[in-house]
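First to last, the protein sequences are chains A and B.
Following our numbering, the numbering of the first sequence begins with 1 at its first residue and continues without gaps.
Following our numbering, the numbering of the second sequence begins with 1 at its first residue and continues without gaps.
What follows is one structure encoded as structure tokens, with my remarks underneath.
Number of protein chains: 2
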Amino acid sequence: MNKLMDPGTDPQEKTRQRRLAPEEREHQIVQSAIAVFSRLGFDASTRDLAAAMGVTQPLLYRYFPTKEALVDRVYDEVFVRRWNPEWEEWLADRSIPLAERLKRYFKDYARFVLRSEWVRIFIFAGLSKAGINRKYLSRLRERHFLVIARELRSEYQIPEPTADSTEEDEVELIWAMHSSVFYMGVRKWIYDLPTPKDLDRAIDMRVDAFIAGVPPVLRAYRG
Amino acid sequence: MNKLMDPGTDPQEKTRQRRLAPEEREHQIVQSAIAVFSRLGFDASTRDLAAAMGVTQPLLYRYFPTKEALVDRVYDEVFVRRWNPEWEEWLADRSIPLAERLKRYFKDYARFVLRSEWVRIFIFAGLSKAGINRKYLSRLRERHFLVIARELRSEYQIPEPTADSTEEDEVELIWAMHSSVFYMGVRKWIYDLPTPKDLDRAIDMRVDAFIAGVPPVLRAYRG
DNA sequence: CAAGTAATTTGTCAATTGATAAATTAGCTA
DNA sequence: TAGCTAATTTATCAATTGACAAATTACTTG
């Protein structure tokens, strides 16, 4: 969209800055790659990438030794650098009822998930290289799911898990809740279906159903 | 795995039937393609496909005019022909408590979803051609989700939906339940995470939490 | 303003891809 | 067993791909 103007057409010749500082260009490549990969998948050609930013294809190799290195960088950019440390704090803040904390957390999380790059790149990554998501998912489990499980026990007087299997029960039901939010992004960005009219309402209802349904079930399945 | 034995090595020359009846070969191609596409995605090369079945690549073009025709056929084979009409009957059978019906339905559905072809091909399809899943998903909505919503109202005395938005509330919460089952397949076949030790238990808990949580929420959000 | 540095482009390569045409041969039938 | 039909293979093409080397040129510095 930029840097491709016909020099003769542009009277403000100064705006046609074709040569960028390396850090700037690298940043531009990564951002552009996020957009292109999210649309076309990691099979997008390096020529597609270059064209999307108005640059020639071999230039990419000045900044990334291989295409795979760029793919890895994109993944890192989207899933590691965009992790919000506040999420864990919100979930653990006992001055607020757990239902409220969960609503705040999932609404914010949904805002990420409902961006096309997030869902599509996460899924593309999982499909093309098995296990690449594992680090992200184990962080999700340790820092979010296990905190939610603990807070749930604390607020609803659920006994501590004795065996691994009872801890798995808790995590499974939290996975179910989490899935239902993430899957809204899948419905929109992978299935091309409409999003609920009122996103906040959809999440409020999910959390309320979770709070009403999960604690009694956890108690009933104890043993 | 077959039809590639060295003739000199095989004493039972008869077993080396290389030439198949067209219907047989076509069936073999489709089945083989399901396996390969599910592993490598629709970007798998026609040579990969041919190699997987011990046949040369141009032969595929005797049976399918283009690669895309084969892709479409695979999608049809997996998602249209494997639809089980009994699902709708189970859900509507009022001689059984709704919770039981849902458990039976989702357990059977989970058996499909936890096959790698189902999840991976469905997602690959969604990613590569937007909208291709829509027909399947609208059938899911009409024949399963709306039935569940109706049965839920009937069994738990929930008033009929007045506006579209209240019907959307119901469908959203059923989507949430459905997501949590489908996503078990995503976790296994896309993220490469372990499946719950006891799948039936995991589904029982989800359904029980759904039954305990959803009706009160639907009543509370009325208006 | 001249010269050097390095960002960017031009040119090119080998490998892989979907697809077609022509040659081959397995297996049926007379 | 000879001959025919069609299933299958061999050979090949043009387009696309990731990657590299060398030429070019924008910008900085003295």
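Yeah, the Cβ is synthetic: ideal placement off N, Cα and C, and Gly gets one too.
Query	Result
Reference B/K129, options A/L199, A/V78, A/V55 and A/R39, closest by Cα	A/R39
Contact residues within the region 85-113 of chain A, judged by C-beta distance below 8 Å to chain B	none
Cα-Cα separation, A/T68 to B/E172	In the sequence as presented, Thr is not what sits at residue 68 of chain A; that position holds Glu. Cα-Cα distance, rounded: 38 Å.
Within 9 Å, strictly: CB atoms of A/L140 and A/V214	no
Reduced DSSP secondary structure (H/G/I, E/B, other) of B/D93	coil
Range covered by the alpha helix (DSSP H) that runs through A/P215	L199 to A220
C-beta atoms of A/A99 and A/I211 nearer than 9 Å	yes
Amino acids of chain A, ordered along the chain, whose beta-carbon sits closer than 9 Å to that of B/R134	Y191, D192 and L193
C-alpha gap between B/K3 and B/Y61, whole angstroms	Legend: pLDDT at B/K3 = 34, less than 50; position of this residue unreliable, value from coordinates given subsequently. So the alpha carbons of these two residues sit roughly 19 Å apart.
Backbone CA spacing between A/E24 and A/F64 [nearest angstrom]	14 Å
Close-in-space but distant-in-sequence residues of the same chain around A/V207 (CB under 7 Å, 5 per side omitted)	A99, L102, K103 and F106
Residue of B/V36, B/P216, B/A176 and B/Y183 minimising C-alpha distance to B/I158	B/P216
Under 7 Å by beta carbon: chain A residues contacting B/S179	S179, S180 and Y183
Uninterrupted alpha helix (DSSP H) stretches inside the region 29-53 of chain B (no shorter than 4 residues)	46-52
Cutoff 9 Å: A/E155 Cβ touching any chain B Cβ	no
beta-carbon A/W90 near the ligand NAP non-hydrogen atom, thresh 8 Å	By its list of ligands, the structure shown contains no ligand whatsoever, and the ligand NAP lies outside what it can speak to.
Three-way DSSP call (helix, strand, coil) for A/A110 in this model	helix
Which of helix, strand or coil DSSP assigns to A/P65	coil
Cβ neighbours of A/W175 in the same chain (closer than 8 Å, five flanking residues each side left out)	F145
Between the CA atoms of B/R143 and A/A209 - distance to the nearest angstrom	24 Å
Cα-Cα separation, B/A125 to A/L70	25 Å
Boundaries (first-last residue) of the alpha helix (DSSP H) holding B/G185	D164 to W189
Short-range partners of chain A found in the region 40-63 of chain B, where Cβ spacing is below 7 Å	G41 and D43
Unbroken alpha helix (DSSP H) run spanning A/W151, endpoints	According to the sequence displayed, residue 151 of chain A carries Glu and not Trp. Per DSSP, A/E151 belongs to the alpha helix (DSSP H) from L146 to E155.
B/D43 burial status per 10 Å Cβ neighbour count (16 or more: buried)	exposed
Inter-residue Cα distance where the pair is B/V36 and B/E77	14 Å
Chain A contact residues for B/V227, given Cβ-Cβ distances below 9 Å	Past the boundaries of the shown model lies residue 227 of chain B; chain B is included only from 1 to 223, so the question cannot be answered.
N-terminal and C-terminal residue of the alpha helix (DSSP H) that B/R139 is part of	R134 to L140
Neighbourhood of A/F79 by C-beta distance below 6 Å, restricted to the same chain and skipping five residues each side	Y136
DSSP state of B/Q12 mapped onto helix, strand, coil	Below a pLDDT of 50, predicted positions are generally treated as unreliable, and B/Q12, at 36, falls in that range; no measurement from the model is reported.
Below-9 Å beta-carbon distance, B/R139 vs any chain A residue	no
For B/G126, the three-state DSSP class (helix, strand or coil)	helix
CB contact below 9 Å: A/L152 versus chain B	no
Spatially closest choice to A/W118 from A/I34, A/R134, A/V147 and A/N84, by CA coordinates	A/I34
For A/V55, three-class secondary structure by DSSP	coil
Spatially closest choice to B/R81 from B/S45, B/D48 and B/Q31, by CA coordinates	B/Q31
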